[in-house]
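Q:
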Amino acid sequence: MKRFLIISIGILLLGGNSFAQDSKPGRTQFMVRGYGHAGLDYLKTPDGTSLSYVGAAFSPIFIFKQGSRFLFEAELEFQLDQNQLDIGLEYANLMFVINKYLMVRGGKFLLPFGTFMERLHPAWVNRLSSKPLGFGHDGIAPSSGIGIELRGSAPIGGTTINYSVYSTNGPRLKDGSEEPDEAGMLNFENYIDNNINKAIGGRIGYLPLYNSSMELGVSFYTAKVGDKGSVYENVRSTLWAFDFSYVKQISPIKGVLDLKAQYNQTQVSDAYYLELEEDRDTIASYTFDNFSRAYYAQLSYRPSMSGNNFLKNIEFVSRYSKLNTPEGSEWESNADELSFGLNYWISWRQVLKLNYSFINSEGGHDATEGAGKQQSNTLFVQWAIGF
Amino acid sequence: MKKLVIISTLSLSITAIAILSGCTAQREVAAQKSGAELWAQNCIRCHNIPSPTAYNNDEWETIGLHMRERANMTNEQIGKIVEFLQAAN
Chain A
632 MKRFLIISIG ILLLGGNSFA QDSKPGRTQF MVRGYGHAGL DYLKTPDGTS LSYVGAAFSP
692 IFIFKQGSRF LFEAELEFQL DQNQLDIGLE YANLMFVINK YLMVRGGKFL LPFGTFMERL
752 HPAWVNRLSS KPLGFGHDGI APSSGIGIEL RGSAPIGGTT INYSVYSTNG PRLKDGSEEP
812 DEAGMLNFEN YIDNNINKAI GGRIGYLPLY NSSMELGVSF YTAKVGDKGS VYENVRSTLW
872 AFDFSYVKQI SPIKGVLDLK AQYNQTQVSD AYYLELEEDR DTIASYTFDN FSRAYYAQLS
932 YRPSMSGNNF LKNIEFVSRY SKLNTPEGSE WESNADELSF GLNYWISWRQ VLKLNYSFIN
992 SEGGHDATEG AGKQQSNTLF VQWAIGF
Chain B
384 MKKLVIISTL SLSITAIAIL SGCTAQREVA AQKSGAELWA QNCIRCHNIP SPTAYNNDEW
444 ETIGLHMRER ANMTNEQIGK IVEFLQAAN
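Keeping their order, the protein sequence lines are chains A and B. The first sequence maps to residues 632 to 1018 in our numbering. The second sequence maps to residues 384 to 472 in our numbering.
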């Protein structure tokens, strides 16, 4: 199976090259793009320290354009997990341009829920080597969904508005029957919907300035999340996100200032979950206000207008992020992160990152009971490339 | 909570400053902007700005459509940017 995959990718890459050499424009175009990274992580926690080379991550993106209106895009994610190859399908969707103001997408697509996962997470785009708290593993914000979406944008005077509405299978409620410690959490991967109800979501982004340097966005996502026919059938989740971006080359400071922020909140309606009491004989039911939130703010500065060739490729980054999961749940946690980074841009899509993060956390379903507040410090060195 | 207040105040003040400075800056309507200007202002919002020489004409067509979708940019903006990139590469 693996050999078959490698051979097919080889054929695809060769096909892409031979196409690029053809000088006559064709109606069908095909590109292989993507990214990869390698690095070194030093982690210091109360349980000890570790130092490992990490990486071996390879994310090829295949883009097929047919005529001027059709696009198909897919991203595979190859990673090593305990020395085994783990393959993920990050997205695979078709896109058709309906008219000047509207496009339709179908398949598995990155959700425009805020901007981080859709626009900023690839290693060569993200200014830091890690994601902010609340995204990714055990995150409270979705990254992709399977469904259909209408998206587009329009000028309003000199400003621009962009919009998206979509319907997906939606998140699935973890009711605790498989992992009691995760009762009430949402699983955003929902390949075959666990109920008839479809999630509805959307985002509106507005660029109020004539030079497009600023964008403000509001997103929502709502769905029933319980298994059909179960007591959780009517449990509903409602998610909101607010995002902000400001990127501008500013002459007096001789460089580019980049400010990004996103706030996410998740509310799941009340439900009773079951828990095995300490005597291991009795089962008790419990409930809690299932509200989680996470946010981050990131500031970076690159003296791109400096006369010095080395300095103009340097970038300074700092980020603060925070995550709170529901009080009274088995996965209650409070964590915050402060990260600093010094990047060197080798080219527009290749970067060497040196990052240091301080994470304070309390609770979480992976934590040892009664462990209290824990501090972990991480030093990341990452070499990332987009190709 | 205090941190949240500080962060919100900071971002609100930056927004206010930027909006004010944006209003006093030249009020060009997008329709009058050149492809080069639109490229410089938009293609830097998420990642570093790619140089026109990074890709050939066909590739810019594909990337244009990909970025129109990913960045949710207008038809007009992308059209002008791709034209500029193809002329300048």
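Just so you know, even glycine gets a beta-carbon here, dropped at the ideal spot from N, CA and C.
Taking Cβ-Cβ distances shorter than 7 Å, what residues in chain B pair up with A:E704?
A: For the purposes of this step, residue 704 of chain A is taken as the residue at position 73 of the first sequence. Near A:E704 (Cβ distances below 7 Å), the residues of chain B are H449.
Q: For A:I777, decide whether its Cβ has a neighbour in chain B, counting only Cβ atoms nearer than 8 Å.
A: Along the first sequence, read from residue 1 onward, the residue named residue 777 of chain A stands at position 146. Chain B, which has no Cβ nearer than 8 Å to the Cβ of A:I777, makes this no.
Q: Considering only residues of the same chain and omitting the five flanking positions on each side of B:T407, which have a CB-CB separation below 8 Å?
A: By 1-based counting over the second sequence, the position of residue 407 of chain B is 24. Unreliable positioning characterises B:T407 in this predicted model, as indicated by a pLDDT of 44, which lies under 50. A coordinate reading is not provided.
Q: Using beta carbons (cut-off 8 Å, strictly below), is B:T436 in contact with chain A?
A: The count along the second sequence starts at 1 and reaches residue 436 of chain B at position 53. Closer than 8 Å: no.
Q: At a CB-CB cut-off below 9 Å, which residues of chain A make contact with B:E444?
A: For the purposes of this step, residue 444 of chain B is taken as residue 61 along the second sequence, with counting starting at 1. Per Cβ cutoff of 9 Å: P656, Q660, K696 and S699.
Q: Using a Cβ cut-off of 8 Å (strictly closer), state whether A:T956 contacts chain B.
A: Sequence index remark: in the first sequence, residue 956 of chain A carries index 325 (1-based). A:T956 does not count as touching chain B.
Q: At a CB-CB cut-off below 7 Å, which residues of chain B make contact with A:V756?
A: To locate residue 756 of chain A, count along the first sequence from 1; it is residue 125. Residues of chain B passing the Cβ test: C429 and H430.
Q: What does the Cβ neighbour count give for A:E846, buried or exposed, with the cut at 16 atoms within 10 Å?
A: Mapped onto the first sequence, residue 846 of chain A falls at position 215. A:E846 comes out buried.
Q: According to DSSP, simplified to helix, strand and coil, what is B:R451?
A: Taking the first residue of the second sequence as position 1, residue 451 of chain B is located at position 68. Of the three classes helix, strand and coil, the one that applies to B:R451 here is helix, per DSSP.
Q: Quick one: residues in its chain with C-beta nearer than 7 Å to the C-beta of B:V465, no 5 flanking neighbours on either side, listed in chain order?
A: If you number the second sequence from 1, residue 465 of chain B lands on position 82. Closer than 7 Å at the Cβ level, and outside the excluded window around B:V465, lie W443, E444 and G447.
Q: Taking 8 Å as the limit between beta carbons, can you name the residues of its chain near A:K805, skipping five residues before and five after?
A: Along the first sequence, read from residue 1 onward, the residue named residue 805 of chain A stands at position 174. The residues are E813, A814, G815, M816, L817 and N818.
Q: Using a C-beta cutoff of 8 Å, does B:N455 count as contacting chain A?
A: Counted from its first residue, the second sequence places residue 455 of chain B at position 72. At least one chain A Cβ lies under 8 Å of B:N455.
Q: Using a threshold of 8 Å, state whether the C-beta atoms of B:E477 and A:M734 are closer than that.
A: There is no way to answer for residue 477 of chain B, as the model of chain B reaches only from 384 to 472.
Q: Would you check if the distance between the CB atom of A:I718 and the CB atom of A:E704 is smaller than 8 Å?
A: What you label residue 718 of chain A is simply residue 87 of the first sequence in a count that begins at 1. What you label residue 704 of chain A is simply residue 73 of the first sequence in a count that begins at 1. No.
Q: Just checking my contact of A:T790 with A:Y732 at CB under 8 Å: how many whole Å lie between their CB atoms?
A: Residue numbering aside, residue 790 of chain A sits at position 159 when the first sequence is read from its first letter. Residue numbering aside, residue 732 of chain A sits at position 101 when the first sequence is read from its first letter. Actually they do not touch by this definition, with Cβ atoms about 15 Å apart.
Q: For A:G857, which option in A:S795, A:W1014, A:N826 and A:K1004 has the closest C-alpha, if you only look at C-alpha atoms?
A: Sequence index remark: in the first sequence, residue 857 of chain A carries index 226 (1-based). Of the listed residues, the one whose Cα sits closest to A:G857 is A:N826.
Q: Residues bridged to A:W976 by DSSP?
A: Position 345 of the first sequence, counted from the start, is the residue given in the question as residue 976 of chain A. DSSP, once it has assigned bridges, lists A:V982 as partnering A:W976.
Q: For a cutoff of 8 Å on Cβ pairs, would you count A:K859 as touching chain B?
A: Your numbering for residue 859 of chain A matches position 228 in the first sequence. Not one chain B Cβ lies under 8 Å of A:K859.
Q: Determine, for B:N466, whether the minimum Cβ-Cβ distance to residues of chain A falls below 8 Å.
A: What you label residue 466 of chain B is simply residue 83 of the second sequence in a count that begins at 1. Checking the displayed sequence, the identity of residue 466 of chain B turns out to be Glu instead of Asn. Chain A, which has no Cβ nearer than 8 Å to the Cβ of B:E466, makes this no.
Q: Hey, could you find the ends of the beta strand (DSSP E) A:I729 is sitting in?
A: Residue mapping note: residue 729 of chain A aligns to position 98 of the first sequence, counting from 1. Here the beta strand (DSSP E) through A:I729 covers Q715 to N730.
Q: Compare the C-alpha of A:Q697 against each of A:M662, A:P883, A:F922 and A:A688 and name the closest.
A: If you number the first sequence from 1, residue 697 of chain A lands on position 66. The candidate whose alpha carbon is nearest that of A:Q697 is A:M662.
Q: Beta strand (DSSP E) containing A:K829: first to last residue?
A: Position 198 of the first sequence, counted from the first residue, corresponds to residue 829 of chain A. Careful: A:K829 lies outside any beta strand (DSSP E) and carries neither H nor E.
Q: Name, please, each residue of chain B whose Cβ falls closer than 9 Å to the Cβ of A:S876.
A: As a first step, residue 876 of chain A is located in the first sequence; it is residue number 245 there, counting from the start. Per Cβ cutoff of 9 Å: R428 and C429.
Q: What residues from chain A crowd round B:N458, counting only those whose CB sits closer than 7 Å?
A: The residue labelled residue 458 of chain B in the question sits at position 75 within the second sequence. Ordered by position in chain A, the residues that pass the 7 Å Cβ test against B:N458 are K731.
Q: Using the Cα positions of B:N439 and A:F1018, report the straight-line distance between them to the nearest angstrom.
A: Along the second sequence, read from residue 1 onward, the residue named residue 439 of chain B stands at position 56. Along the first sequence, read from residue 1 onward, the residue named residue 1018 of chain A stands at position 387. C-alpha separation (whole angstroms): 15 Å.
Q: Under 8 Å between beta-carbons, which chain B residues line up against A:R887? List them in chain order, please.
A: Taking the first sequence and counting its residues from 1, the one referred to as residue 887 of chain A is at position 256. In the sequence as presented, Arg is not what sits at residue 887 of chain A; that position holds Val. I427, listed in chain order.
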